[in-house]
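J.: Chain order of the listed sequences is D and H. Here the first sequence is numbered in my numbering, starting from 248 and rising by one per residue. Here the second sequence is numbered in my numbering, starting from 14 and rising by one per residue. C-beta atoms are modelled at their ideal positions from N, C-alpha and C, and glycine is treated no differently. Note that the structure is predicted; figures quoted are calculated from it, not measured.
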Amino acid sequence: MTHLVLEGLSRAYAGRPAVVDLSLSVARGSLVALLGASGCGKTTTLRMVAGLETPDAGRIVVDGRDVTALVPHRRKMGVVFQSYALFPHMTAASNVSFGMEMHGVDRTRRAARGAEMLALVGLAEHAGKMPRQLSGGQQQRVALARALAIEPDVLLLDEPLSALDAKLREELRIEMRAIQRRVGATTLFVTHDQAEALAMADLVAVMDRGRIAQLGSPVEVFERPASPFVAAFVGRSAQFAGTIEGQGIRIAGSLLRAERLPNAGAVQVFVRPHRIRLLRPGETEDNVIEGTLAAIDYTGEVAQLVIDAQAGRFPVDLATADGAWSGMAPGSPIRVGWRAADTLWFAA
Amino acid sequence: MKRSGWLLCAPALAVLALAFLWPMAILARMSLNETADSGAMIPKLSLTTYAKLAEDDFTWQLTRDSLTLSAFCATAACLLAYPMALFLFRSTSRYRNLLAIVAIAPLLVSGTARVIGWLAILGDHGMVNAAIQAIGLKPVLLINNWNGVRIGLTESVMPYTVLALLAGFGRLDRMLEEAAATLGAGPLKRFWRVTFPLTLPAVTAAWMLAFVLSISAFITPHLMGGGRVFVLATEIYDAATTTLDWPAAAALSVYALILLVMLLLAQNLLSRGRQA
Numbered sequence: 248m249t250h251l252v253l254e255g256l257s258r259a260y261a262g263r264p265a266v267v268d269l270s271l272s273v274a275r276g277s278l279v280a281l282l283g284a285s286g287c288g289k290t291t292t293l294r295m296v297a298g299l300e301t302p303d304a305g306r307i308v309v310d311g312r313d314v315t316a317l318v319p320h321r322r323k324m325g326v327v328f329q330s331y332a333l334f335p336h337m338t339a340a341s342n343v344s345f346g347m348e349m350h351g352v353d354r355t356r357r358a359a360r361g362a363e364m365l366a367l368v369g370l371a372e373h374a375g376k377m378p379r380q381l382s383g384g385q386q387q388r389v390a391l392a393r394a395l396a397i398e399p400d401v402l403l404l405d406e407p408l409s410a411l412d413a414k415l416r417e418e419l420r421i422e423m424r425a426i427q428r429r430v431g432a433t434t435l436f437v438t439h440d441q442a443e444a445l446a447m448a449d450l451v452a453v454m455d456r457g458r459i460a461q462l463g464s465p466v467e468v469f470e471r472p473a474s475p476f477v478a479a480f481v482g483r484s485a486q487f488a489g490t491i492e493g494q495g496i497r498i499a500g501s502l503l504r505a506e507r508l509p510n511a512g513a514v515q516v517f518v519r520p521h522r523i524r525l526l527r528p529g530e531t532e533d534n535v536i537e538g539t540l541a542a543i544d545y546t547g548e549v550a551q552l553v554i555d556a557q558a559g560r561f562p563v564d565l566a567t568a569d570g571a572w573s574g575m576a577p578g579s580p581i582r583v584g585w586r587a588a589d590t591l592w593f594a595a
Numbered sequence: 014m015k016r017s018g019w020l021l022c023a024p025a026l027a028v029l030a031l032a033f034l035w036p037m038a039i040l041a042r043m044s045l046n047e048t049a050d051s052g053a054m055i056p057k058l059s060l061t062t063y064a065k066l067a068e069d070d071f072t073w074q075l076t077r078d079s080l081t082l083s084a085f086c087a088t089a090a091c092l093l094a095y096p097m098a099l100f101l102f103r104s105t106s107r108y109r110n111l112l113a114i115v116a117i118a119p120l121l122v123s124g125t126a127r128v129i130g131w132l133a134i135l136g137d138h139g140m141v142n143a144a145i146q147a148i149g150l151k152p153v154l155l156i157n158n159w160n161g162v163r164i165g166l167t168e169s170v171m172p173y174t175v176l177a178l179l180a181g182f183g184r185l186d187r188m189l190e191e192a193a194a195t196l197g198a199g200p201l202k203r204f205w206r207v208t209f210p211l212t213l214p215a216v217t218a219a220w221m222l223a224f225v226l227s228i229s230a231f232i233t234p235h236l237m238g239g240g241r242v243f244v245l246a247t248e249i250y251d252a253a254t255t256t257l258d259w260p261a262a263a264a265l266s267v268y269a270l271i272l273l274v275m276l277l278l279a280q281n282l283l284s285r286g287r288q289a
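1. Confirm, please, whether the CB-CB distance from D/D405 to D/T290 is below 9 Å.
2. Taking only three categories from DSSP, how would you classify D/D455?
3. Helix, strand or coil: how does DSSP classify H/M275 here?
4. Opposite D/I554 in the DSSP bridges: which residues?
5. Closest by CA to D/A542, which one among D/A568, D/R354 and D/S573?
6. Quick one: which chain H residues come within Cβ less than 9 Å of D/H250?
7. Pull up the distance between the alpha-carbon of D/T546 and that of D/A566, whole angstroms please.
8. Please list the terminal residues of the continuous alpha helix (DSSP H) segment that includes D/E254.
9. For D/G482 and D/E532, I'd like the C-alpha separation in whole angstroms.
10. As a quick exercise: from D/P465, D/K414 and D/F561, pick the residue whose alpha carbon is nearest that of D/R582.
11. Got a sec: which bits of the region 195–211 of chain H sit with their beta carbon under 7 Å from any beta carbon on chain D, in order along the chain?
12. Between the Cα of D/L269 and those of D/L299, D/A261 and D/I307, spot the shortest distance and give me the residue it belongs to.
13. Entirely within the region 414–490 of chain D and at least 3 residues each: give me those beta strand (DSSP E) ranges in chain order.
14. Between which two residues does the alpha helix (DSSP H) holding D/A280 run?
15. Nearest to D/S257 by alpha carbon, out of D/L251, D/A265 and D/V352?
16. Mind listing the chain D neighbours of H/L283? Cutoff is C-beta to C-beta under 9 Å, in chain order.
17. Specify the secondary structure class of D/S579 as computed by DSSP and reduced to three states.
18. Nearest by alpha-carbon distance to H/G183: which of H/N158, H/G197 and H/P210 is it?
19. Can you tell which of D/L402, D/V518, D/Q494 and D/W592 has its C-alpha closest to the C-alpha of D/N510?
20. Just list the alpha helix (DSSP H) runs in the region 319–364 of chain D, keeping only unbroken ones of 4 residues or longer that don't cross its boundaries, in chain order.
21. Do the region 378–394 of chain D and the region 339–354 of chain D make contact, defined as three or more Cβ pairs closer than 8 Å?
22. With C-beta atoms as the reference, is D/S409 less than 9 Å away from H/D186?
23. Starting from the C-beta of D/V252, find all residues in its chain whose C-beta is less than 7 Å away, skip the five residues before and the five after it, and write them out in chain order.
24. Pick helix, strand or coil for H/I55, following the three-state DSSP scheme.
25. Counting contacts by CB-CB distance shorter than 9 Å, is D/K376 in contact with chain H?
26. I want to know whether the region 314–327 of chain D touches the region 187–207 of chain H - three or more CB-CB distances under 8 Å.
27. Quick one: grab the DSSP three-state call for H/T48.
28. Any idea what DSSP makes of D/P378, helix, strand or coil?
29. With a threshold of 9 Å between beta carbons, is D/A410 in contact with chain H?
30. Pairing CB atoms from the region 44–60 of chain H with CB atoms from the region 255–267 of chain H, are three or more of them under 8 Å?
31. Residues of chain H with CB under 9 Å from D/S330, in chain order?
32. From D/D412 to H/M275, what does the alpha carbon distance come to, in whole angstroms?
33. Quick check on H/A218 - is its C-beta less than 9 Å from some C-beta in chain D?
34. Of all the CB atoms in chain D, is at least one closer than 9 Å to the CB of H/A289?
35. Give the C-beta separation of D/S501 and D/V535 to the nearest angstrom, bearing in mind that I take them to be a contact with Cβ-Cβ under 8 Å.
36. In chain order, what residues of the region 282–303 of chain D put their CB closer than 8 Å to some CB of chain H?
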């Protein structure tokens, strides 16, 4: 069931459009990620939902109620800010109960629910600490507990993990997702980190210059990008420019096979690096490219290869489990290939 | 402090020693002299002058009046400067710097010139009284009395409070007020629960600065009081230049200094207690 609806939202700053006619429906209890580079309008969108920015046009509807004209303190949106914005002069417990106090919850219930929220984020023992005595990850959890404590209509997360280091970020994103599921909060999540968006979201809205370039499940957005922008933004790719020739795509040095090709025209080709595999002598594949190995980076689970071919330079990810990568040296000739179904193409 | 630290501070320390510590030492020494009935200064090492001051009710009245006046002016200046400083701090207008300069512009004018301006505005036939009389009310005495000193002194310390508040607003973050708003706090609650507590250290610092400046002010109480307002600073001046009782002037100065140091220590202790 639809819970949050954004209808034709627009916002410009000094004549420069930040969000352009953006529409989006979020089902109750689901988590939608707004994914995009900085300046794509994702944070402006979130701030408009929170009431911190006023849209130039459009409506924001929560549970069938138009909240567009409401000031933020009458909206009941739980916001977790990028910098957490914890009140530095209050303990973790006071931070969490602040919102309940503002909503007129009585003292005993505040204490009980505050303790419950802190326990939910695993900080029961830190209730009496000031924000500056807490680590970044703990501050982030307090911010989440504070936002959830008011039983918000919608939970709004603005790059909530970006200030944390990589390992903690991965731990917390699993934890946050679990908490979000448990409390069933309808959530709008702003991030520039595609791994975060893919891992956490039910639906990903990829944003480009104030518009939604594609709205889809993480799998759809990654495997079936709707446009060259989405293909280039979400995940890495080997990219080639080509033209339709017969049943294939002619690129410099090879004829590529793909599915559902038109009869003519110029096309842009994308292939995910992990879909490309190393071909042993005599082995063949739908698509084959020969080139020289330009560089090889061992990153643990995969070895990232860079290959120079006639059609250009492109990346290939090789699983390291079989040890095939270890014999390779930059400068040596290499043959790689991929299936026709893995050739993503867009009419240019 | 490391040697390089001392070296860097040396010029300032030298000036301080020469222009402040040395005269203060002379002053302290002088306060231990006595005054003969003829008015002549008798070199001695006694506390007679202090004893005389302590016995004199006028000293206590001066102390009380000086402290009350300074507290009033510091409080009034902070109340008036706070909204202005908050506005300047938050403003994103391109005129912000211009407005800040306007706010502290009174510092560019000499104290005497400002007092003369006040005399024209507050005088018996000045703008304010003309307006009051025009609506049919009785004129109010606004100069040559405590009212005049309060108004003039508040105005003269206000630019400093604006600067002190602006410098102290560093901890204030717009994001915190936004967070409070999303948690359901209206404008008043946001101010009292978030903005004000975070600016409290700045307010105490600004208040203290205004207080110290007020208690040591001489020109404004002297000119705006029209000789009818007595505070520590005017009394020191009178003793030094009119009655030529130098030991008394020196003793009063030392007393005023001790008073201020004690106040600063108390404030320091209080703010440290708050941080713990």
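T.: In short:
1. yes
2. strand
3. helix
4. D/L540 and D/F561
5. D/S573
6. Correct list: empty, because the minimum Cβ distance to chain H is about 18 Å.
7. 10 Å
8. That residue, D/E254, is in no alpha helix (DSSP H); its beta strand (DSSP E) goes T249 to Y260.
9. 23 Å
10. D/F561
11. T195, L196, G197, A198, G199, K202, V207, P210 and L211
12. D/I307
13. 433–438, 450–455 and 458–463
14. Segment L278 to L282 is the beta strand (DSSP E) holding D/A280; no alpha helix (DSSP H) there.
15. D/A265
16. Within 9 Å Cβ-Cβ: nothing; H/L283 doesn't reach chain D, min ~16 Å.
17. coil
18. H/P210
19. D/Q494
20. 339–349
21. yes
22. no
23. S272 and V308
24. strand
25. no
26. yes
27. strand
28. helix
29. no
30. yes
31. D186 and M188
32. 48 Å
33. no
34. Here the model assigns H/A289 a pLDDT of 47, short of 50, so the residue's position is not dependable, and the following value carries that caveat. So no, H/A289 is outside the interface.
35. 7 Å
36. A297, G298 and L299
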